[in-house]
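Input: a single structure, listed below in C-alpha cells.
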Amino acid sequence: MISYKDLGLVNTKEMFAKAGKGGYAIPAYNFNNMEQLQAIIQACVETKSPVILQVSKGARNYANATLLRNMARGAVEYARELGCEIPMALHLDHGSDFDICKECIDNGFSSVMIDGSHLDYDENVKLTSRVVEYAHQFDVTVEGELGVLAGIEDDVVAEKSTYTQPEEVEDFVTKTGVDSLAISIGTSHGANKFTPAQCTRSEEGILIPPPLRFDILEEIERRLPGFSIVLHGSSSVPQDLVTMINSYGGDLKDSVGIPEEQLSKAAALAVCKINIDSDGRLAMTAAVRKVLAEQPGEFDPRKYLGPAREALKEMYKHKNINVLGSADRA
Ligand code: G3H
Ligand code: 13P
Ligand code: ZN
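Residue numbers for the sequence shown follow this note's numbering, beginning at 113 and rising by one.
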C-alpha cells in the first residue's frame, strides 16, 4: 500500500471547502506525459493555485501507472523547488469499476472518480457506495456522477446528454457518502461539444453554443447547500487555436466549447472542480504544428515539445487567473 500522504499529496476535502466558500473552482488538468505535467506545475506555481492532477484510464495505459505516480511525487518536489508549495491532489478521472479505483487508492492516488453515470440509478448507488466505503478507510476522497454527458470518455460513447435530475441528488449523496458530485448541465467531452444545429452563428460565422443549464445547478445547490459540484467537459475550445491548427495543415471542423464567462459563473456557484483536457490538447497541437510547418528540417523533439509546453503553461495561467479564479488561493 502506497499512501498519497507519503508522496506529499493531499485529498480534495480542504481545497473544495475553501473553493466553495471563496466562490472559485479548482482546476483539474489531465496529464499523460512530462511536458503536460511540467506546464501544469509551472502555471499553478506561478499563479499560486491549488491543482488536481488528473489521470484517466487512457493515460495509465499510455504512460504506465507506476511512472505517472512517480511523476506526481516528483511534481510535489518540483513545485517546492520552484519556490511555492501548492496543494496538489492526484485524481483518477472516470474510474469505470471498483478494481481500477482500488488499484489507484492502493497506489498513491488521493482522490478517485467512480463513474457510474451510465448505469441505472440503483446500480450507480451500489457501485459508488462500495468505492466510498473502501476509499474513506484511507482518507481518499471520491467523486461520483449523476446524469450523462454527451461525447467520448475513454471507451464509452454517449450520443446525447441526459441532464442531472436535481430530485435524485440528495438521495444519491446521502446513500453513497460521496465527497463531490459531477453533474450534467450541458457540457460534454472533446472539441465538438455542440452540433452546428444546436448553435447560433455570429455575423463573423462563429458558432455560439446554447447556455449551460444554470437552473439545474442552482436547484442542486438549493437542495444541497455547500456540497461540492464538479463540471466535466469544460474546455472552451479557443477559436484562435482551432484556426492555428487548421492554418498549419490541421482539419478541425465545427469545434465549439464552453464560453469562459459561463465557466466563471459556474465557479461562483456550487462548482468547485472544473475538468479541462481538450484545450490542452489543442494548445500543444497548434504549437507543434507551427514549429514543424515553419521549420521542416527540425527533428529534435525538444524544439517542438518545448514551445508546446510553453503554450500550455500560458493557457493554464490564463484559466487560473481569469476563468476559474483559483490564482492566489494556494
Ligand atoms: O474525460 C476524458 C478525458 O478527457 C480523458 O481522455 O480518456 O482520452 O485520456 P482520455
Ligand atoms: P474536455 O474534453 O472538455 O477538456 O473535458 C475533460 C474532462 O472532463 C476530463 O474528465
Ligand atoms: Zn470527464
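Just so it is clear, CB atoms sit at the ideal spot from N, CA and C, and this is done for glycine as well.
Minimum C-alpha distance to Gly317 - residue among Lys365, Arg325 and Gly298: Sequence index remark: in the sequence shown, residue 317 carries index 205 (1-based). The shortest C-alpha separation from Gly317 is found at Lys365.
Any non-hydrogen atom of ligand 1 within 7 Å of Ala171 CB: Your numbering for residue 171 matches position 59 in the sequence shown. Yes, ligand 1 has a heavy atom inside 7 Å of this Cβ.
Three-state class that DSSP yields for Asp391 in the structure shown: Counting from one through the sequence shown, the residue named residue 391 turns up at place 279. Helix.
Same chain only: Cβ atoms within 7 Å of Val237, ignoring 5 sequence neighbours per side: As a working note, residue 237 is residue 125 in the sequence shown. The residues are Phe284, Lys287 and Thr288.
Residue closest to Ser222, alpha-carbon to alpha-carbon, out of Ile152, Asp291 and Ser115: Within the sequence shown, residue 222 is the residue found at index 110, counting from 1. It is Ser115 whose Cα lies nearest to the Cα of Ser222.
Runs of alpha helix (DSSP H) wholly within the stretch 355-427 (minimum 4 residues, chain order): 372-380 and 390-406
From Cys216, Leu394, Glu255 and Ala184, residue whose alpha carbon lies closest to that of Pro199: Your numbering for residue 199 matches position 87 in the sequence shown. If we check each option's Cα against that of Pro199, Ala184 comes out closest.
Identity of the residues DSSP links to Met225 by a beta bridge: Position 113 of the sequence shown, counted from the first residue, corresponds to residue 225. The partner list for Met225 (beta bridge, DSSP) reads Glu255.
Any non-hydrogen atom of ligand 3 within 7 Å of Asp391 CB: Numbered from its first residue, the sequence shown carries residue 391 at position 279. It does not: the Cβ of Asp391 is nowhere closer than 7 Å to a heavy atom of ligand 3.
Nearest-angstrom Cβ-Cβ length linking Gly437 and Tyr246, presumed shorter than 8 Å: Along the sequence shown, one-based indexing puts residue 437 at 325. Along the sequence shown, one-based indexing puts residue 246 at 134. The Cβ separation is near 33 Å, so there is no contact.
Rounded distance between the beta-carbons of Val252 and Pro321, thought under 8 Å: Locating residue 321 in the sequence shown gives position 209, where the first residue counts as 1. Locating residue 252 in the sequence shown gives position 140, where the first residue counts as 1. That belief does not hold up - the Cβ atoms of Pro321 and Val252 are roughly 35 Å apart, past 8 Å.
Own chain, CB closer than 6 Å to Gly392, minus 5 neighbours either side, in chain order: Counting from 1 along the sequence shown, the entry for residue 392 is found at position 280. These residues qualify, in order along the chain: Leu424.
Residue span of the alpha helix (DSSP H) that contains Gln154, given as start and end: Working through the sequence shown from its first residue, we reach residue 154 at position 42. First-last of the alpha helix (DSSP H) with Gln154: Met146 to Glu158.
Helix, strand or coil at Leu231 [DSSP, three-state]: Here residue 231 is taken as the residue at index 119 of the sequence shown, counted from 1. It is coil, neither helix nor strand.
Per DSSP, the bridge partner or partners of Ser340: Numbered from its first residue, the sequence shown carries residue 340 at position 228. In the DSSP output, where bridge partners are listed per residue, Ser340 has Ser292.
For Ser300: DSSP bridge partner residues: The sequence position of residue 300 within the sequence shown is 188, counting from 1. BP columns for Ser300 point to Ala262.
Residues of its chain near Glu282, where Cβ-Cβ distance is below 7 Å and the 5 sequence neighbours each way are ignored: For the purposes of this step, residue 282 is identified with residue 170 of the sequence shown, where counting begins at 1. Closer than 7 Å at the Cβ level, and outside the excluded window around Glu282, lie Arg335 and Leu336.
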